[in-house]
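Using the UniProt record's numbering, you'd call the opening residue of the sequence shown number 1 and step up by one each time. Cβ coordinates follow ideal geometry from the N, Cα and C atoms, glycine included. Structure first, commentary second.
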Amino acid sequence: MRVINLIESLTRRAGWGGAVLIFPLIGALVYEVFSRYVLGRPTLWAFEISYMVMGAIFMLGMANALRVGQHVSVDILSLQLGQRSNALVRLVGYVLFLPILVWLVWELSKYALAAFESNERSGRSAWNPVIWPVFTVWFVGFLLLALQVLAELLKSVAILMGRPVDGEGKA
């Protein structure tokens, strides 16, 4: 179960990194409001920074949300089933979902690399920053999500084999 612990350590750290990004987001938005309404000089970059940082927060946090069980779920079925039956249902779901995530990660890696190589720009404001860092965060976020799905799949297998798994992924 070292693999599960390693993956969960990565997703925990990425979630922490995403959470810390709330401070630059708040700072940029407060500065924009001050600049716009007090100084009468709106910034060129606040819109771009806000959607990029908010996207990074979301992308870096989604794997950690899966790790701690905070994604939306319908508990009607799971409340009626035992632990092993729930593990089987989750296993089937993860087996179906993982290939889609692997394909998405592969395509996002190509997209980020192409944006880097072409020096692609956002085209959304006068600032017009390069966009490859955003695509790279998307790639990293979905890679972490795929790894966390793999960890959840392994935990489901462990439960089906009769090995209890605690909240930290240890069997």
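In the DSSP assignment, Val130 forms a beta bridge with Arg121.
Secondary structure at Pro164: coil, using DSSP grouped into helix, strand and coil. Contact annotation: Leu144 and Ala14 have beta-carbon atoms nearer than 8 Å. Here the alpha carbon of Pro129 sits roughly 6 Å from the alpha carbon of Ser122. Its Cα nearest to that of Trp127, the residue Ala46 stands out among Ala46, Arg2 and Ile4. The C-beta distance from Arg12 to Arg90 rounds to 20 Å, too long to fall under 8 Å, and the pair is not in contact. Ile57 is the residue among Gly82, Arg163 and Ile57 whose C-alpha sits nearest the C-alpha of Ala19.
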